[in-house]
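J.: Sharing a structure here in structure tokens format.
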Amino acid sequence: MEALILSCGTGGGHHSAARAVSDELKRRGHNAVFLDPFTLAGKKTAALVGNSYIRLVQNSPRLFGLAYSLGELWRSLPLTSPVFEVNRLLAKRLQRYLAKHRFDVIFMTHMYPAHILTALRNRGMTLPVTIQIATDYTCIPFLEEGICDYYVIPSPELAGEFVSRGIPSEKLLPFGIPVNRKFTLPFSRKEARRRLGLPLQGPCFLLAGGSIGAGEIPQAAAILHGFLSAEKEGTLVILCGKRRGLYEKLSRKYRKDPHVLVLENTPRMAEYMRSCDVFLTKPGGLSSTEAAVSGVPLILLSPIPGCETHNAAWFSSHGMALTARRTQTDLLPALSALRRTPGLKEEMLQAQKTFINPNSVCDLCDFAERLT
Numbered sequence: 011m012e013a014l015i016l017s018c019g020t021g022g023g024h025h026s027a028a029r030a031v032s033d034e035l036k037r038r039g040h041n042a043v044f045l046d047p048f049t050l051a052g053k054k055t056a057a058l059v060g061n062s063y064i065r066l067v068q069n070s071p072r073l074f075g076l077a078y079s080l081g082e083l084w085r086s087l088p089l090t091s092p093v094f095e096v097n098r099l100l101a102k103r104l105q106r107y108l109a110k111h112r113f114d115v116i117f118m119t120h121m122y123p124a125h126i127l128t129a130l131r132n133r134g135m136t137l138p139v140t141i142q143i144a145t146d147y148t149c150i151p152f153l154e155e156g157i158c159d160y161y162v163i164p165s166p167e168l169a170g171e172f173v174s175r176g177i178p179s180e181k182l183l184p185f186g187i188p189v190n191r192k193f194t195l196p197f198s199r200k201e202a203r204r205r206l207g208l209p210l211q212g213p214c215f216l217l218a219g220g221s222i223g224a225g226e227i228p229q230a231a232a233i234l235h236g237f238l239s240a241e242k243e244g245t246l247v248i249l250c251g252k253r254r255g256l257y258e259k260l261s262r263k264y265r266k267d268p269h270v271l272v273l274e275n276t277p278r279m280a281e282y283m284r285s286c287d288v289f290l291t292k293p294g295g296l297s298s299t300e301a302a303v304s305g306v307p308l309i310l311l312s313p314i315p316g317c318e319t320h321n322a323a324w325f326s327s328h329g330m331a332l333t334a335r336r337t338q339t340d341l342l343p344a345l346s347a348l349r350r351t352p353g354l355k356e357e358m359l360q361a362q363k364t365f366i367n368p369n370s371v372c373d374l375c376d377f378a379e380r381l382t
């Protein structure tokens, strides 16, 4: 199989899902090409697209939430969205790329590439099989404008929402969000800590704000540090993502504390996730799914208004996570409940097994193999 996997740098989840598919296809002996289509217009253009989103959600999450709400309103109009109109400007560049390279199937983990391909389809171009992968637990605004052959959705329970947006039910593949198989590999918490050089004894909290380091990380870190100090043991691992200033600030603050480890990004997320007793993070669709696949107690912090609000609601309503929408007032009660309520952790882990498919990437690749 010759596969093209298109993604965009607006948050790490899209790339993580794309790499999960790419890695699985290559493991099976297929050829998979990973491409951000905006790089066809130059690396600066691709960086502008990704960084504009990152700066917005880091610095003005409420403004992003407002834009998301406006998108919800716009999609009810009989008009093509401005987002689609901007994306279609890249159609000629992608057309030239596809003319030089032959593919059997095109996977997309972001709606932007789907918009570009739809513009080509509208011009009469014959395309390979196209598969859109939704990476949030909702049908985000304008996803339906990307006309694809199939749509991978996070859960069969969400089929009605996608159909209500005009996507035919027969095109829906309820496999779940593709997660790299390394999150499913069987090794213990103790083994994960040993690999990472973390203390084998005491609780370990993993705090992250996604690849972009969004959310109230300093406030959450202070609360968790105080909680562990009161228990007189334990480890706090903080992942700062692409916020260099945050990394430097927290590194200075905790440099003399041997129980706090501050990192920027890590290629060993599966091991860190397996090593922890509680994972605390903003509710990105991909990171939340990775935690559920790993079987990790989960507390979701300060969601970015919009799709992450839906993600948090989905996980909490299905008993797969606790939420702490306001870090200062909600985090400590959530943590205390998780640590001290009999059976709560076990019920959460069982719910994760019930509602999340750990083999989503394999199911998707099986399907693609049957097509080609």
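Using this note's numbering, the first residue of the sequence shown is number 11, and each one after it goes up by one. The beta-carbon is built from N, C-alpha and C at its ideal position, and this holds for glycine as well.
1) Would you kindly work out how many angstroms separate the C-alpha atoms of P228 and L260, rounded to a whole number?
2) Reducing DSSP to helix, strand and coil, say where A218 ends up.
3) Determine the burial state of P151: buried for a count of at least 16 other Cβ atoms within 10 Å of its Cβ, exposed for fewer.
4) Considering Cα atoms alone, identify which of I248, E226, S326, D33 is closest to A338.
5) Quick one: complete beta strand (DSSP E) runs, 3+ long, within the region 156-215?
6) For a test of the three-state rule: what should DSSP assign to M389, helix, strand or coil?
7) Answer yes or no: do S435 and L296 have a C-beta to C-beta separation smaller than 8 Å?
8) In whole angstroms, what separates the C-alpha of F193 from that of R37?
9) Kindly indicate which residue of T119, K102, R349 has the alpha-carbon position closest to the one of M135.
10) Taking C-alpha atoms, which residue in L14, T20, A13, Y78 lies nearest to H4?
11) In chain order, which alpha helix (DSSP H) runs of at least 4 residues are fully inside the region 245-299?
12) Check whether the region 270-287 and the region 183-202 touch, using three or more Cβ-Cβ pairs below 8 Å as the test.
13) Count the other CB atoms within 10 Å of the CB of D376; is the residue buried (16 or more) or exposed (fewer)?
14) Which same chain residues, not among the five before or five after E154, have their C-beta less than 6 Å away from its C-beta?
15) List the DSSP bridge partners of T333.
16) Three-state secondary structure (DSSP) at T140?
17) Determine the burial state of E258: buried for a count of at least 16 other Cβ atoms within 10 Å of its Cβ, exposed for fewer.
18) To the nearest angstrom, how far is it from the Cα of T49 to the Cα of I64?
19) So, M118 versus T382, is the Cβ gap smaller than 8 Å?
20) With a 10 Å radius around its C-beta and 16 neighbouring C-beta atoms as the bar for buried, classify S312 as buried or exposed.
21) Just to confirm my understanding: we take H24, look at its own chain, exclude 5 residues before and 5 after, and list those with CB closer than 7 Å. What are they?
22) Quick check: what's the CA-CA separation for M279 versus T20?
23) Does Q211 pass the burial test, meaning 16 or more other C-beta atoms within 10 Å, or should it be called exposed?
24) Name the residue from L168, L332, D373, C372 whose alpha carbon lies nearest to the alpha carbon of K355.
25) So the alpha helix (DSSP H) I233 belongs to, where does it begin and stop?
26) Compare the beta carbon distance of L359 and G305 with 8 Å and say whether it is the shorter of the two.
27) Under the three-state reduction of DSSP, which class applies to M135: helix, strand or coil?
28) Could you work out which residue in G207, I141, L217, Q362 is closest to V303 when comparing CA atoms only?
29) What would DSSP say about A224, mapped onto helix, strand or coil?
30) If you measure between the beta carbons of L341 and A230, is that distance less than 8 Å?
31) Tell me where the alpha helix (DSSP H) around N321 begins and ends.
32) Nearest-angstrom Cα distance between V270 and T276?
33) Quick check on the DSSP output: the alpha helix (DSSP H) that includes A101 runs from which residue to which?
34) For L348, does the three-state DSSP call read helix, strand or coil?
35) Report back the beta-carbon spacing between G294 and G251 to the nearest angstrom; my notes put them in contact at under 8 Å.
36) Flag this pair as yes or no: are the beta carbons of V59 and I15 separated by less than 8 Å?
T.: So, from the listed chains and residues:
1) 7 Å
2) strand
3) buried
4) According to the sequence provided, residue 338 is Gln. The question's Ala does not apply to it. Taking only the C-alpha atoms, the option nearest Q338 is E226.
5) 160-162
6) What is shown of the chain runs 11 to 382, which leaves residue 389 out entirely.
7) Past the boundaries of the shown model lies residue 435; the chain is included only from 11 to 382, so the question cannot be answered.
8) 15 Å
9) K102
10) There is simply no residue 4 to check, as the chain begins at 11 and stops at 382 in what is shown.
11) 254-263, 279-285
12) yes
13) exposed
14) R175, G176, I177
15) L310
16) strand
17) exposed
18) 17 Å
19) no
20) buried
21) S17, C18, T119, H120, T145
22) 19 Å
23) exposed
24) L332
25) 227-241
26) yes
27) coil
28) Q362
29) coil
30) yes
31) 317-327
32) 16 Å
33) 101-110
34) helix
35) The pair is not a contact, with the Cβ atoms about 11 Å apart (cut-off 8 Å).
36) no
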